[in-house]
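Data first, discussion second: the structure below is written as structure tokens.
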Amino acid sequence: MSRPQRPSGGRMGQLAKTFGRQVKSLRRDRGLSQAQLAEAVNLSEEWIRRIERGEGSPSLDAIEVISTALGEKPSTLLGSNGEGSNLPVALMRSLAALDDRELAWIEQAVQLVRERPGRT
């Protein structure tokens with residue numbers, strides 16, 4: 000059985016980036032600094048910064064302790080919440096609280112942004 004290959008160019012895969020975005024979003028949402036989160040989970044502040052940038056590959060234990068400190072399930076931070084899972088958790092929760100009329104308005108706004116001239 001062959002061993003899975005890491006993404007080329009030394010860059011971490013999409014899962015690490017998704018995890019990092021979720022950690023950063025939830026940390027900010029809870030009013031924590033990187034130093035405070037690092038202390039709460041007994042990891043270095045530099046390691047938290049690397050994780051948030053999607054440059055770190057945390058162990059399963061680290062994923063569990065970070066998730067617990069942020070009050071979320073590990074699956075949420077890993078993006079296992081269905082369609083749109085690359086969106087920050089706080090944004091997904093905000094969208095979930097909207098009624099159908101408000102969601103339709105948001106969808107129209109997003110479409111306008113996507114169709115604007117000069118967008119690449």
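In numbering that gives the first Met the number 0, the protein residues as written are 0 to 119.
Cβ atoms here follow ideal geometry from the backbone N, Cα and C, with glycine treated the same way.
Here the structure is a predicted model, which means the values were calculated and not measured.
Could you round the C-beta distance between residue i and residue j to whole angstroms and report it? I think they count as a contact, below 8 Å.
i    : j    : result
E71  : L25  : 6 Å
E51  : V22  : 6 Å
F18  : L76  : 5 Å
L111 : I105 : The pair is not a contact, with the Cβ atoms about 11 Å apart (cut-off 8 Å).
L69  : R29  : 6 Å
A15  : S74  : Wrong, their Cβ atoms sit about 15 Å apart, outside the cutoff.
Could you give the first and the last residue of the continuous alpha helix (DSSP H) run that contains residue i?
i    : result
A96  : Careful: A96 lies outside any alpha helix (DSSP H) and carries neither H nor E.
P87  : Run containing P87: none; DSSP gives neither H nor E here.
E45  : 44-51
R115 : Per DSSP, R115 belongs to no alpha helix (DSSP H) and is neither H nor E.
L76  : 73-76
E63  : 59-69
**Asked** Would you say the region 43-53 touches the region 87-98, given that touching needs at least three Cβ pairs under 8 Å?
**Response** Remark: fewer than three beta-carbon pairs, one from each stretch, lie closer than 8 Å, so the region 43-53 and the region 87-98 are not flagged as touching.
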